[in-house]
Amino acid sequence: MTIEQIQAAIPHRAPMLLIDEVVSQTETTIRCKKTFRDDEFFFQGHYPNQPIVPGVILCEVGMQAGAVLLSNIIQAVRGIEADNELSAKVPVATRLNNVKFKKIVKPGDTVEVAVTLTEQVQVAYFLTAKVTVDGKLATRFDFACTIADPQT
1158 MTIEQIQAAI PHRAPMLLID EVVSQTETTI RCKKTFRDDE FFFQGHYPNQ PIVPGVILCE
1218 VGMQAGAVLL SNIIQAVRGI EADNELSAKV PVATRLNNVK FKKIVKPGDT VEVAVTLTEQ
1278 VQVAYFLTAK VTVDGKLATR FDFACTIADP QT
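Take the position in the sequence shown, starting the count at 1, then add 1157; the result is the number in the numbering used here.
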């Protein structure tokens, strides 16, 4: 997917768009990459002189990957057209569980995030995310999303 296709799938924009590339996708999984640049806004005050990527940002990368996956699932399964009422809805996180931080991520690191849809109950989607850096697990967590109207 191109960055334009990612932006069409989810509402996030710079500086909060945290997916650089979708590497692969199946019906229930997605793999994405993000390279953390030295000038990312969150490095300014997070461990000055030894910046590290905040854990909440690593979680956000995973949830954005999940949002792209859900957007594509909804488009494919329901055959949504651009003018369809459901196509205007956005994935919204409702739960974050079992979060584990295993490895520090620093400026210049490229992470790969793998998200798997584990269950769907009506409009509730349950997913698992694993964020790796240099092939080693940095973060893993379970999360849930629903599809909601964007606030106006």
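Heads up, the beta-carbon is just placed ideally off N, CA and C, and yes, glycines get one too.
Start-to-end residues for the beta strand (DSSP E) that takes in residue i
| i | result |
| --- | --- |
| A1250 | 1247-1258 |
| E1178 | 1178-1182 |
Cβ separation of residue i and residue j, assumed to be a contact under 8 angstroms, to the nearest whole Å
| i | j | result |
| --- | --- | --- |
| A1301 | L1215 | That pair is no contact at about 18 angstroms. |
| F1200 | P1264 | 6 angstroms |
| V1270 | V1290 | The Cβ separation is near 10 angstroms, so there is no contact. |
| A1222 | V1272 | 5 angstroms |
Alpha-carbon spacing of residue i relative to residue j, whole angstroms
| i | j | result |
| --- | --- | --- |
| T1183 | L1226 | 9 angstroms |
| Y1282 | Q1232 | 15 angstroms |
| T1186 | E1217 | 17 angstroms |
| A1286 | R1188 | 10 angstroms |
| P1248 | T1303 | 6 angstroms |
Run of the alpha helix (DSSP H) containing residue i, from where it starts to where it stops
| i | result |
| --- | --- |
| I1163 | 1160-1166 |
Residue i: CB within 6 angstroms of a non-hydrogen atom of the ligand MG
| i | result |
| --- | --- |
| R1194 | In the structure on display, the ligand MG does not appear, and there are no ligands present to speak of. |
Residue i - DSSP class collapsed to helix/strand/coil
| i | result |
| --- | --- |
| I1187 | strand |
query = Using 8 angstroms as the Cβ pair cut-off and three pairs as the minimum, do the region 1173-1180 and the region 1276-1285 touch?
reply = no
key: Sufficient close CB pairs (3 or more, under 8 angstroms) joining the region 1249-1265 to the region 1159-1168   = By the C-beta criterion, the region 1249-1265 is judged not to be in contact with the region 1159-1168, since fewer than 3 inter-stretch pairs fall below 8 angstroms.
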